[in-house]
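Trainee: This structure is in structure tokens; I'll ask about it shortly.
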Amino acid sequence: MADQLKILTICGSLRKNSYNAAVVRALPALAPPELAFVPAPSYGGFPLYNDDVRVASGAPADVEAWAAAIRSADGVIIVSPEFNWSMPGPLKNAIDWVSKLKDVPFKDKPVALQSASTGQVGGARMQYHLRMALQSIDAQLFGRPEVFVNFAAKKIDEKTGELTDDAAKDIIKLQLAAFAKFVARVKV
Ligand SMILES: Cc1cc2nc3c(=O)[nH]c(=O)nc-3n(C[C@H](O)[C@H](O)[C@H](O)COP(=O)(O)O)c2cc1C
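Just so we're aligned: the sequence shown equals residues 1 to 188 in my numbering.
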């Protein structure tokens with residue numbers, strides 16, 4: 001499709017059987033046809049951020065590759081669990097790395113957030129913190145509808161890794177349709 005918008009997906013969990021990765025896999029079937037999804041390269045091997053390392057040797061190649069993937073997308077969707085009421089450390093570490101690059105990849109980038117967590121609030125506190133971190137580097141954050149897949153273990157089939165909950169699928173559909181319009185409106 002000629003006018004497709006390229007949407008980079010970033011999963012906030014590094015776990016093999018991640019519920020959040022299951023939500024990422026569900027997105028294409030729930031999206032309007034103008035969205036084309038591309039998974040981000042892994043940030044799991046980034047070293048812990050240390051400004052001395054950056055100043056001495058610059059950003060590692062895998063950080064540059066992650067940043068380039070974000071820059072080349074029309075929009076980004078981050079699907080992440082909540083760890084201790086906030087975002088997982090590896091995801092924050094990745095954001096910290098790219099925030100120090102000359103051409104900050106999240107600047108002016110349309111970004112939508114989703115979360116799946118086994119807890120009752122479905123990652124709401126993580127989304128609040130992630131939203132603030134991304135706002136600090138001038139991302140264009142999508143507002144509502146918000147997507148929180150709570151009690152994720154009951155909504156994702158353990159054997160197939162498939163999102164099975166109709167209410168979760170419905171709200172994801174609504175968000176993706178609204179995000180497509182948002183990306184078309186604000187992308188630079
Ligand atoms: C270190 C750690 C902290 C966690 N803290 C929270 C939390 O604050 N809120 C919550 O809803 N779930 C919390 N959980 C449970 C996660 O929601 C659950 O492990 C989930 O499966 C992680 O997502 P994933 O399946 O995509 O890896 C925590 C899990 C871990 C490992």
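Note that beta-carbon positions come from the ideal geometry of N, C-alpha and C, so glycine has one too.
1) Starting from Ala139, trace the alpha helix (DSSP H) in both directions and tell me its first and last residue.
2) Going by CA-CA distance only, name the one from Ser136, Asp52, Cys11 and Lys155 that's closest to Val104.
3) I need the straight-line Cα distance from Asp52 to Trp97, nearest angstrom please.
4) Tell me the start and end of each unbroken beta strand (DSSP E) in the segment 20 to 105 that is at least 3 residues and wholly inside, in chain order.
5) State whether the segment 80 to 100 contacts the segment 116 to 127, with contact taken as three or more CB pairs (one from each stretch) at a distance under 8 Å.
6) Nearest-angstrom Cα distance between Gly58 and Asp157?
7) From Asp74 to Lys159, what does the alpha carbon distance come to, in whole angstroms?
8) If we count the other Cβ atoms within 10 Å of its Cβ and call it buried at 16 or more, is Val188 buried or exposed?
9) Near Ala180, what residues of its chain come up, given a Cβ to Cβ distance below 7 Å and the 5 sequence neighbours on each side ignored?
10) Is the segment 19 to 32 touching the segment 104 to 118, taking contact as three or more C-beta pairs under 8 Å?
11) Using a 10 Å radius around the Cβ and a threshold of 16 neighbouring Cβ atoms, would you call Lys155 buried or exposed?
12) Per DSSP, what are the beta-bridge partners of Lys6 in this structure?
13) Is it right to say Lys12 is buried, meaning 16 or more other beta carbons lie within 10 angstroms of its own, or is it exposed?
14) Quick check: what's the CA-CA separation for Ile70 versus Asp166?
15) Nearest CA to the CA of Gly89: which residue from Leu113, Gly45, Pro60 and Ala68?
16) Is the closest heavy atom of ligand 1 to the C-beta of Thr118 under 6 Å?
Mentor: The answer reads as follows:
1) Residue 139 sits at position 139 when you count from the first residue of the sequence shown. First-last for Ala139: undefined, no H or E at that position.
2) On the sequence shown, residue 104 is found 104 positions in, with the first residue counted as 1. Nearest option by C-alpha distance: Ser136.
3) To locate residue 52, count along the sequence shown from 1; it is residue 52. To locate residue 97, count along the sequence shown from 1; it is residue 97. When only Cα atoms are considered, Asp52 and Trp97 end up about 12 Å apart.
4) 35 to 39 and 75 to 80
5) yes
6) Walking along the sequence shown from the start, residue 58 turns up at place 58. Walking along the sequence shown from the start, residue 157 turns up at place 157. Roughly 42 Å between the two C-alpha positions.
7) The sequence position of residue 74 within the sequence shown is 74, counting from 1. The sequence position of residue 159 within the sequence shown is 159, counting from 1. Answer to the nearest angstrom: the Cα atoms are 34 Å apart.
8) Here the question's residue 188 lines up with position 188 in the sequence shown. Classified as exposed, Val188 has fewer than 16 neighbouring CB atoms from the shown chains inside 10 Å of its CB.
9) The residue given as residue 180 occupies position 180 in the sequence shown. Taken in chain order, the residues that qualify are Leu5, Pro32, Glu34 and Leu35.
10) These segments touch.
11) Reading the sequence shown from its first residue, position 155 is the one you call residue 155. Lys155 should be labelled buried.
12) Position 6 of the sequence shown, counting from 1, holds the residue named residue 6. According to DSSP, which records beta bridges pairwise, Lys6 is partnered with Ala36.
13) The residue given as residue 12 occupies position 12 in the sequence shown. Checking the displayed sequence, the identity of residue 12 turns out to be Gly instead of Lys. By the Cβ-count criterion, Gly12 is buried, with 16 or more other Cβ atoms from all chains shown falling within 10 Å of its own Cβ.
14) The sequence position of residue 70 within the sequence shown is 70, counting from 1. The sequence position of residue 166 within the sequence shown is 166, counting from 1. Taking the straight line from one Cα to the other gives about 30 Å.
15) On the sequence shown, position 89 is the one that residue 89 refers to. Taking only the C-alpha atoms, the option nearest Gly89 is Gly45.
16) The residue you call residue 118 lines up with position 118 of the sequence shown. Yes, Cβ of Thr118 sits closer than 6 Å to a heavy atom of ligand 1.
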